[in-house]
Amino acid sequence: MPDSTRREAEDRSEEGSVSLPDLGDSIDAVTFEQILEMDDEEDEREFSRSIVFGFFEQAEQTFKKMDDALKEGDLATLSSLGHFLKGSSATLGLTKVKDSCEKIQHYGQKKDEEGTIDEPDEAKCLERIKETLVAVKEEYAEVEKVLKKFYGS
Amino acid sequence: MFASTPLDSTFDIQNFTAHNMMTSGEVASNSTNPGSGSRSIDEAFAAFTPIPSVLLDAAFRIIQVSASFLALNHLTLDECLGSNVYDLVRSRTLVPGPTALRLVVDSAIAARNVYATSEQQATGRCHANLRAVPIFEGNELLYVLLEVQDTTAEHESRCAVNDQLDRNDTYRVLVDTVKDYAIFMLDTQGNVRTWNSGAQLLKGYKPEEIIGKHFSVFYGEDDIIFEKPRKELEICLRDGKVEDEGWRYKKDGSKFWANVTITCVTRNGVHIGFSKVTRDLTERKAAESQVVAAYEESAKLKSAFLANTSHEIRTPLHGMLSALTLLMDTSLTPEQRELGTMMEESGSILLQVINDILDYSKLSSGIFSISSDTAVSIPNLITSIVRSIQTTVKPGVSLATSLDLNLPTTAFGDPLRYRQVVQNLITNAVKFTESGSIDVHASLVEEDETSFTIRTEITDTGIGIEDIAIGSLFNPFTQFDTSATKRYKGTGLGLSICKSLAELMGGAIGFHPNPKEQGSVFWFTAKLGKINTLNRVDRLSAKFEASVLSPAPDSLELVRELAPGKRVLLAEDNFINQKVMLMMLKGLGFANVDIAMNGAEAVDRAKRKPLFYDLILMDISMPVLDGVGAAIQIREAGIDVPIIAMTANALKEDVASYLAQGMNDYVPKPVDRQILLKAFLRWLR
């Protein structure tokens, strides 16, 4: 079974179809819409706003912990942090951030980016995490910008 | 003075009483007096000296002769005494001849000293020489003593020495010309004593540089630290021989992969050293590791390729099928519904094909593993499989199950794989049976202290198997229906996978025609381990089965009807996901949702109120105790609330292990509401 089954939900809830601005290809529209549908009133977007801004906070904390773990060369912690942020970014449909977090999770397990082939060289894994961490921060900055604009703050 | 005729070995000198070496005048009296007591020194000497001797006077007449001499030359006393020695030699053609004899005698007299002929071959293997001892008184020659000296023993030992020399020379040439092997000798202490050209070529030392040095110079530091050279010699002394492979070092410091044989060398039972033969296997080693690396590389590529391909194909296919399921939930015209059904059928066949190919490639590469420590209830398993297939049976066909009462309620095995085989066989029967019946029968055929052997038999009244196809039935890519129209679809891998699986489960698989009518009987056996603890499994294994979905028209409405009053426990550590899940559950009408921040908390809550929750949603990766660990503990506490795993690790193997360890179902992350709805419908109704 895939972990990324996507489809247009045909039975949108009674709030009606949500019209979304273009969020670019960093955000999976279907997943994010699912969150938006949980808002009581479209204008306020109180629930989704709290989730999104809660995520910003979580992401920044996690990146900091990742930086620290990288300094320590602590692959196991990096992997579990990657997994942690993968979960919440996936929930929001932040595809690129999620993919990068998954890579960090795999590198931290001393595997290749797909998680299929072992990579026993810890230094190499750390180097890859370092590169991915730079990339994921950029990806995060991009979605943060888009989402902040969306929420008008 | 020694005969060329063979010496009679039985000749007994003690019985040769010819009272020898006596003067001519004494012959008569002494010949009658063989006793030893009254014998003169001369007589005793003549009779018993082991050296064949003749005493000549100055005119070379024989005046005394020893018994041993007479025996040696087959002469009698009378023939000798008084005769001129040259006449005797000439007349009896003794060896050496008169010329040589004269030379010895004359030389001895001239030198006034002992003189001997060179060694001569006497009879057979015997060798001897003749020695002349001149006896002077002043300048006057009184006597000449001739003695035959038997040098056979010395000769033989010298021959042996010569032979050895020859042999050593030969081998030395052989050894020296060997260029590919270092062959050399060590003394008992391990110091190098010889050095062949192969050794020089291989190790780079010249003989003068290395001879006398200890052989440990060829070893690396690690080996020296572990005292490998010393240990090798010890083992060699004990066992006579030692063989080793490892890195050895040349004079220039470069290393090579060596095969070394050290043999203990002894001579006459005394240990004199060791022989050492070293071969350079670097190239072979390199070739070997290249082959291994190439193989590993290709295996990796293959597995990566398979993983990628399957992912690439399955993901869109699942998307398509899920969308199709949703489409089928809408109101469709009968034509649209029929087309949709066709798409669903083809899609699920395609999915099966992809799964089969993946399984087959895993089975054929031997990386397929089977678990034997999951508790499984065969009766429940079979009942649930039959139930799930029931809906696909053609009208007019009955599908029935009969289970022997002696079947164990639970045993250790691999429920997933067992299910796969049973399902495959029943599905085949359903596919090929247009009317009549399909009977599934399971029985216990064998039992010992640790295991059950269970036989499952599927009898149908379908088209049966043509005789010609029976032999190749379980070969991969074999299909019964090769007609152009191909009514029956598939890869032809199913039965071959079943065969491998049955064998992996310690059993066998087979076919025979339906004995009563047209149709087939497929059976397989599997060995399952016995278990003593009969706790959680019975209730659970039946619930493992995610039944085939027959989607209701509106899952959302159904769930909303079910939700009020249901109590759900959500175990999730990431608060973002927590909040989203909570909201989603709230939207579906669940008012009673408890939160656990980790697995331990979930176990705690579940245990405190064992009958309270109707369902647990369990994240897999959580701190303190992960979801799988929590599920295990909840099951161990005897609580059989449905647990749905939530995970982004949606690999088939992962899911299988979650299910095996107590989970009932799973939804992939990020959680899609539609998938969640289906799961709720499976477990809350």
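If you read the protein sequences in the order shown, they are chains A and B. Numbered per the working numbering, the first sequence spans residues 17 to 169. Numbered per the working numbering, the second sequence spans residues 227 to 911. Just so it is clear, CB atoms sit at the ideal spot from N, CA and C, and this is done for glycine as well.
Per-residue contacts from Ala886 (chain B) into chain A (C-beta, under 8 Å) | One-based indexing of the second sequence puts residue 886 (chain B) at position 660. In chain order: nothing, as chain A lies at least about 16 Å away.
Using the Cα positions of Leu760 (chain B) and Leu589 (chain B), report the straight-line distance between them to the nearest angstrom.
-> Taking the second sequence and counting its residues from 1, one reaches residue 760 (chain B) at position 534. Taking the second sequence and counting its residues from 1, one reaches residue 589 (chain B) at position 363. Bear in mind that the predicted position of Leu760 (chain B) carries a pLDDT of just 40, short of 50, making it unreliable; the figure below should be weighed with that in mind. Our two residues, Leu760 (chain B) and Leu589 (chain B), have alpha carbons roughly 32 Å apart in a direct line.
Selection of the stretch 91-108 of chain A by Cβ proximity to chain B, strictly under 9 Å | Listed by position, the residues of the stretch 91-108 of chain A near chain B (Cβ gap below 9 Å) are Ser96, His99, Phe100, Leu101, Lys102, Gly103, Ser104, Ser105, Ala106, Thr107 and Leu108.
Closer than 7 Å at the beta carbon, the chain A residues around Val806 (chain B) = As a working mapping, residue 806 (chain B) is identified with position 580 in the second sequence. Within 7 Å Cβ-Cβ: Ile51, Ile67 and Thr107.
So does the stretch 598-605 of chain B actually touch the stretch 552-559 of chain B, counting three or more Cβ pairs closer than 8 Å?
-> Between the stretch 598-605 of chain B and the stretch 552-559 of chain B there are fewer than three inter-stretch CB-CB distances shorter than 8 Å, so the stretches are not counted as touching.
Using 7 Å as the limit for Cβ to Cβ distance, is Asn800 (chain B) near chain A?
-> Within the second sequence, numbered from 1, the residue matching residue 800 (chain B) stands at position 574. Answer yes: the Cβ-Cβ gap between Asn800 (chain B) and chain A drops below 7 Å somewhere.
For Cys306 (chain B), the nearest candidate out of B:Ala342, B:Phe286, B:Gly323 and B:Pro322 (CA to CA) = Here the question's residue 306 (chain B) lines up with position 80 in the second sequence. With distances taken between CA atoms, Cys306 (chain B) lies nearest to B:Phe286 out of B:Ala342, B:Phe286, B:Gly323 and B:Pro322.
Helix, strand or coil at Glu129 (chain A) [DSSP, three-state] = By one-based count along the first sequence, residue 129 (chain A) stands at place 113. In this structure, Glu129 (chain A) counts as coil in the three-state DSSP scheme.
Leaving aside the five residues before and after Ser116 (chain A) along the sequence, list all residues of the same chain whose C-beta is less than 7 Å from its C-beta, in chain order.
-> Counting from one through the first sequence, the residue named residue 116 (chain A) turns up at place 100. Take Ser116 (chain A), set aside five residues on each side of it, and the residues of its chain with a beta-carbon closer than 7 Å to its own are Thr148, Ala151, Val152 and Glu155, in chain order.
Which bits of chain B does Met54 (chain A) rub up against, with CB to CB less than 9 Å?
-> Within the first sequence, residue 54 (chain A) is the residue found at index 38, counting from 1. Against chain B, a Cβ distance below 9 Å from Met54 (chain A) picks out Val806, Met809, Met810, Lys812 and Gly813.
With DSSP as the reference, label Leu775 (chain B) as helix, strand or coil.
-> By 1-based counting over the second sequence, the position of residue 775 (chain B) is 549. Below a pLDDT of 50, predicted positions are generally treated as unreliable, and Leu775 (chain B), at 35, falls in that range; the measurement from the model is reported next regardless. Looking at Leu775 (chain B) - three-state DSSP - the assignment turns out to be coil, as it is neither helix nor strand.
Beta-carbon spacing of Pro641 (chain B), Leu670 (chain B) below 7 Å | As a working mapping, residue 641 (chain B) is identified with position 415 in the second sequence. As a working mapping, residue 670 (chain B) is identified with position 444 in the second sequence. Cβ atoms of Pro641 (chain B) and Leu670 (chain B): not closer than 7 Å.
Using the beta-carbon of each residue, which ones in chain B are nearer than 9 Å to Gly70 (chain A)?
-> The residue given as residue 70 (chain A) occupies position 54 in the first sequence. Close partners of Gly70 (chain A) in chain B (Cβ separation under 9 Å): Phe801, Ile802 and Lys805.
Of the listed residues A:Val113, A:Asp84, A:Glu135 and A:Ser104, nearest to Gln804 (chain B) (C-alpha basis) = Stepping through the second sequence from its first residue, residue 804 (chain B) is reached at position 578. Of A:Val113, A:Asp84, A:Glu135 and A:Ser104, the residue nearest in Cα terms is A:Ser104.
Of all the options B:Asp313, B:Gly755 and B:Phe441, which has the alpha carbon lying nearest to the alpha carbon of Ala637 (chain B)?
-> Residue numbering aside, residue 637 (chain B) sits at position 411 when the second sequence is read from its first letter. Nearest of B:Asp313, B:Gly755 and B:Phe441 to Ala637 (chain B), Cα basis: B:Gly755.
Exposed or buried, Leu903 (chain B), counting other C-beta atoms within 10 Å across all chains shown (16 or more means buried)?
-> Here residue 903 (chain B) refers to the residue found at position 677 when the second sequence is read from its first residue. Residue burial annotation: Leu903 (chain B) is buried, with at least 16 other C-beta atoms found within 10 angstroms of its C-beta.
On the three-state DSSP scale, how would you describe Val619 (chain B)?
-> Working through the second sequence from its first residue, we reach residue 619 (chain B) at position 393. When DSSP states are grouped into helix, strand and coil, Val619 (chain B) belongs to the coil group.
Is Thr759 (chain B) close to chain A, meaning its C-beta is less than 7 Å from at least one C-beta of that chain?
-> Numbered from its first residue, the second sequence carries residue 759 (chain B) at position 533. In this predicted model, Thr759 (chain B) has a pLDDT of only 43, less than 50, meaning its place in the structure is not dependable; the value taken from the coordinates is given anyway. Under the Cβ criterion of 7 Å, Thr759 (chain B) is not counted among the residues facing chain A.
Since Leu108 (chain A) contacts Phe71 (chain A) with CB under 8 Å, what's their CB separation in whole angstroms?
-> Locating residue 108 (chain A) in the first sequence gives position 92, counting from the first residue. Locating residue 71 (chain A) in the first sequence gives position 55, counting from the first residue. The C-beta distance from Leu108 (chain A) to Phe71 (chain A) rounds to 6 Å, short enough to fall under 8 Å.
Three-state class that DSSP yields for Ile680 (chain B) in the structure shown | The residue given as residue 680 (chain B) occupies position 454 in the second sequence. Secondary structure of Ile680 (chain B) (DSSP, three-state): strand.
Residue nearest to Asp630 (chain B) in terms of C-alpha spacing, selected from B:Arg681, B:Val496 and B:Leu320 | On the second sequence, position 404 is the one that residue 630 (chain B) refers to. That would be B:Arg681, whose Cα lies nearest to the Cα of Asp630 (chain B).
Would you mind reading off the limits of the alpha helix (DSSP H) that contains Phe750 (chain B)?
-> Position 524 of the second sequence, counted from the start, is the residue given in the question as residue 750 (chain B). Run containing Phe750 (chain B): none in the alpha helix (DSSP H); it sits in the beta strand (DSSP E), Ser746 to Gly755.
Chain-ordered neighbours of Arg911 (chain B) on chain A, where CB pairs are closer than 8 Å | By one-based count along the second sequence, residue 911 (chain B) stands at place 685. Within 8 Å Cβ-Cβ: nothing; Arg911 (chain B) doesn't reach chain A, min ~19 Å.
Please report how far the alpha carbon of Asp764 (chain B) lies from the alpha carbon of Thr687 (chain B), in whole angstroms.
-> Position 538 of the second sequence, counting from 1, holds the residue named residue 764 (chain B). Position 461 of the second sequence, counting from 1, holds the residue named residue 687 (chain B). Only weak support is given to the placement of Asp764 (chain B): the predicted model assigns it a pLDDT of 43, under 50, and the value that follows is read from those uncertain coordinates. Spanning the alpha carbons of Asp764 (chain B) and Thr687 (chain B) requires a straight line of approximately 33 Å.
Residues, ordered as in the chain, of the stretch 119-153 of chain A that lie near chain B by beta-carbon distance below 8 Å | The stretch 119-153 of chain A vs chain B, Cβ under 8 Å: Glu130, Thr132 and Ile133.
So, using beta-carbon positions, are Pro360 (chain B) and Val374 (chain B) closer together than 7 Å?
-> Counting from 1 along the second sequence, the entry for residue 360 (chain B) is found at position 134. Counting from 1 along the second sequence, the entry for residue 374 (chain B) is found at position 148. Taking 7 Å as the cut-off, the beta carbon of Pro360 (chain B) is found no closer than this to the beta carbon of Val374 (chain B).
Roughly how many whole angstroms lie between the Cα atoms of Arg65 (chain A) and Pro560 (chain B)?
-> Reading the first sequence from its first residue, position 49 is the one you call residue 65 (chain A). Reading the second sequence from its first residue, position 334 is the one you call residue 560 (chain B). Just so you know, the alpha carbons of Arg65 (chain A) and Pro560 (chain B) end up roughly 44 Å apart.
Count the other C-beta atoms from every protein chain shown that fall within 10 angstroms of the C-beta of Met872 (chain B), then say buried if there are 16 or more, exposed otherwise.
-> Position 646 of the second sequence, counted from the start, is the residue given in the question as residue 872 (chain B). With 16 or more Cβ atoms within 10 Å of its Cβ, Met872 (chain B) is classed as buried.
Length of the line joining the Cα atoms of Phe737 (chain B) and Lys792 (chain B) | As a first step, residue 737 (chain B) is located in the second sequence; it is residue number 511 there, counting from the start. As a first step, residue 792 (chain B) is located in the second sequence; it is residue number 566 there, counting from the start. Rounded to whole angstroms, the gap between the alpha carbons of Phe737 (chain B) and Lys792 (chain B) is 49 Å.
Is Leu149 (chain A) helix, strand or coil when you go by DSSP?
-> Here residue 149 (chain A) is taken as the residue at index 133 of the first sequence, counted from 1. Note: Leu149 (chain A) maps to helix in three-state DSSP.
Chain B contact residues for Thr78 (chain A), given Cβ-Cβ distances below 8 Å = Counting from one through the first sequence, the residue named residue 78 (chain A) turns up at place 62. None at all; the shortest Cβ gap to chain B is about 10 Å.
At 4 residues or longer, and completely inside the stretch 623-678 of chain B: list those alpha helix (DSSP H) runs for me, N to C.
-> For the stretch 623-678 of chain B, the full-length alpha helix (DSSP H) segments reaching 4 residues or more read 641-658 along the chain.
Would Ile426 (chain B) be called buried (16 or more neighbouring beta carbons within 10 Å of its own) or exposed?
-> In the second sequence, residue 426 (chain B) corresponds to position 200, counting from 1. Checking the sequence, you will find Gln at residue 426 (chain B) rather than Ile. By the neighbour-count rule (16 or more Cβ atoms within 10 Å), Gln426 (chain B) is buried.
Got a sec: does the ligand ATP put a non-hydrogen atom nearer than 6 Å to the Cβ of His440 (chain B)?
-> This structure does not include the ligand ATP; it has no bound ligands of any sort.
So who's on the other strand from Asn417 (chain B), going by DSSP bridges?
-> What you label residue 417 (chain B) is simply residue 191 of the second sequence in a count that begins at 1. Note: Asn417 (chain B) sits in a beta bridge opposite B:His440.
Got a sec: which bits of the stretch 834-853 of chain B sit with their beta carbon under 7 Å from any beta carbon on chain A, in order along the chain?
-> The stretch 834-853 of chain B vs chain A, Cβ under 7 Å: Ser847.
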